[in-house]
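*Asks:*
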Ligand code: GYE
């Protein structure tokens, strides 16, 4: 069952469709670009956007979704700060017959009828790709390669799945060893702080897996302050491929970047329009990804808008 029926045309709104969108926050370059993408695509599709920013606060975000139900919006969408806590408000949305589209991240509810569709990246495969790069980069060395991981917000889907994907591939190589981890909350300051703690606790660090560009860039600052040479000592792999990330890759301060596209606004608006105008929508829609080394970063940078 990978497709869901759209709504009856009889139920289609008479005026513009109203979409209530709750954004997780503004914690990273990725998130800012994601907000841009959603706002621009709503405008282009003539969808009225009721936008709220939860600023990284799970309780705020649930309150925002309740407010969308009270306002009788036509569709609700949100990028969850964390996976937990969604059952009650989503049952209320279902009772009010308001379709819910998850974007970017997932929720941990077993009842899949609580959402109509979800749009986002396969985070585990991003973790796989990050580990695969390091395994190749260190192949031929005796090992073990000591890796420290800088994690995103605890309880969010990409934090869990990027770590799982990385660990799964790392364990197959019997070369990479995750020796320590620290949360950096997706932000630059958080990444810098996390790296400082990891440096204090660990003598030999060969590589860093930072779960997003911003935390990786924060780690670069901490490593330079400790007289290390980030990009080679240690190698640093990140996820997102924002402009700042690709520029650091080109400058040799990051070693490799796995892309996770924030530009999912257009896919979201297509689902919203299809829901009300007779189309069928997919239960799961995957967003784009690629991988970058310094050479392909140089090619991509002129067109990178975020
Ligand atoms: O990688 C990070 C952002 O959920 C994919 O959240 C998103 C992640 C992204 O803060 O930069």
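Numbering (my numbering), first residue to last: 1 to 306. Beta carbons are placed, not taken as given, at the ideal position from N, Cα and C, and that holds for glycine.
1. Go through the stretch 114-184 residue by residue and report every complete run of the alpha helix (DSSP H) that reaches 4 residues or more, in order.
2. Could you tell me the boundaries of the alpha helix (DSSP H) in which residue 23 lies?
3. Straight-line CA distance for residue 246 to residue 90?
4. Taking 7 Å as the cut-off, does the CB of residue 152 come closer than this to any heavy atom belonging to the ligand GYE?
5. Please determine, among 23, 30, 12 and 11, the residue with the shortest C-alpha to C-alpha distance to residue 305.
6. State the beta-bridge partners of residue 210 as determined by DSSP.
7. Under the rule that 16 or more other beta-carbon atoms within 10 Å means buried, what is residue 192, buried or exposed?
8. So does residue 186 have its beta carbon nearer than 7 Å to some heavy atom of the ligand GYE?
9. Using CA atoms only, rank isn't needed, just tell me which of 26, 235, 41 and 15 is closest to residue 271.
10. Answer yes if the stretch 91-106 comes into contact with the stretch 169-176, meaning at least three C-beta pairs across the two stretches below 8 Å, and no otherwise.
11. With residue 59 as the anchor, note down where its alpha helix (DSSP H) starts and where it stops.
12. Near residue 159, which residues of its chain fall below 7 Å by C-beta distance, leaving aside the five closest residues on each side in sequence?
13. From residue 57 to residue 214, what distance separates their C-alpha atoms?
14. If the criterion is Cβ atoms closer than 8 Å, does the pair residue 126 and residue 184 meet it?
15. By Cβ distance below 6 Å, which residues in the same chain neighbour residue 208 in space, the five residues on each side in sequence not counted?
16. Measure the alpha-carbon distance for residue 169 versus residue 143 and round it to whole angstroms.
17. DSSP three-state label for residue 102, please.
18. Just how far apart, CA to CA, sit residue 20 and residue 121?
19. Nearest CA to the CA of residue 262: which residue from 134, 198 and 28?
20. Cα-Cα, which of 301, 194, 74 and 61 is closest to residue 48?
21. When the distance is taken between beta carbons, is residue 156 closer than 8 Å to residue 105?
22. Going by other Cβ atoms of all chains shown within 10 Å of its Cβ, with 16 needed for buried, is residue 230 buried or exposed?
23. For residue 227, which of helix, strand or coil comes out of DSSP?
24. Taking the DSSP output, what are the residues bridged to residue 233?
25. For residue 107, name the three-state secondary structure that DSSP assigns.
*Replies:* Short version:
1. Here the runs fully enclosed are 123-137 and 157-173.
2. Stepping through the chain shown from its first residue, residue 23 is reached at position 23. No alpha helix (DSSP H) holds residue 23; the beta strand (DSSP E) holding it covers 18-23.
3. Working through the chain shown from its first residue, we reach residue 246 at position 246. Working through the chain shown from its first residue, we reach residue 90 at position 90. Cα-Cα distance, rounded: 38 Å.
4. Working through the chain shown from its first residue, we reach residue 152 at position 152. Residue 152 Cβ: within cutoff of the ligand GYE.
5. For the purposes of this step, residue 305 is taken as the residue at position 305 of the chain shown. Looking at the Cα atoms, 30 is the closest of the given residues.
6. The residue given as residue 210 occupies position 210 in the chain shown. Per DSSP, 150.
7. Within the chain shown, residue 192 is the residue found at index 192, counting from 1. Flag for residue 192 reads buried.
8. Taking the first residue of the chain shown as position 1, residue 186 is located at position 186. Residue 186 has its CB nearer than 7 Å to a heavy atom of the ligand GYE.
9. Start at 1 with the first residue of the chain shown, and residue 271 comes out as number 271. Of the listed residues, the one whose Cα sits closest to residue 271 is 41.
10. no
11. Start at 1 with the first residue of the chain shown, and residue 59 comes out as number 59. Unbroken alpha helix (DSSP H) run through residue 59: 58-70.
12. Here residue 159 corresponds to residue number 159 of the chain shown, with the count starting at 1. Cβ contact annotation for residue 159 (same chain, cutoff 7 Å, sequence separation greater than five): 151, 152, 153 and 211, in chain order.
13. Here residue 57 refers to the residue found at position 57 when the chain shown is read from its first residue. Here residue 214 refers to the residue found at position 214 when the chain shown is read from its first residue. Their backbone Cα atoms lie some 19 Å apart in a straight line.
14. Residue mapping note: residue 126 aligns to position 126 of the chain shown, counting from 1. Residue mapping note: residue 184 aligns to position 184 of the chain shown, counting from 1. Their beta carbons are not under 8 Å apart, which means residue 126 does not touch residue 184 by this criterion.
15. Taking the chain shown and counting its residues from 1, one reaches residue 208 at position 208. Answer for residue 208: 148, 219, 234 and 236, listed in chain order.
16. Within the chain shown, residue 169 is the residue found at index 169, counting from 1. Within the chain shown, residue 143 is the residue found at index 143, counting from 1. Their backbone Cα atoms lie some 16 Å apart in a straight line.
17. To locate residue 102, count along the chain shown from 1; it is residue 102. Correct three-state label for residue 102: strand.
18. The count along the chain shown starts at 1 and reaches residue 20 at position 20. The count along the chain shown starts at 1 and reaches residue 121 at position 121. Taking the straight line from one Cα to the other gives about 22 Å.
19. Start at 1 with the first residue of the chain shown, and residue 262 comes out as number 262. Cα-wise, what sits closest to residue 262 is 28.
20. The residue labelled residue 48 in the question sits at position 48 within the chain shown. For the residues 301, 194, 74 and 61, the minimum Cα distance to residue 48 belongs to 74.
21. Residue 105 sits at position 105 when you count from the first residue of the chain shown. Residue 156 sits at position 156 when you count from the first residue of the chain shown. Cβ atoms of residue 105 and residue 156: closer than 8 Å.
22. By 1-based counting over the chain shown, the position of residue 230 is 230. Burial call: buried.
23. By 1-based counting over the chain shown, the position of residue 227 is 227. Residue state, collapsed to three classes: coil.
24. Here residue 233 is taken as the residue at index 233 of the chain shown, counted from 1. Note: residue 233 sits in a beta bridge opposite 229.
25. Along the chain shown, one-based indexing puts residue 107 at 107. Three-state DSSP puts residue 107 in coil, outside helix and strand.
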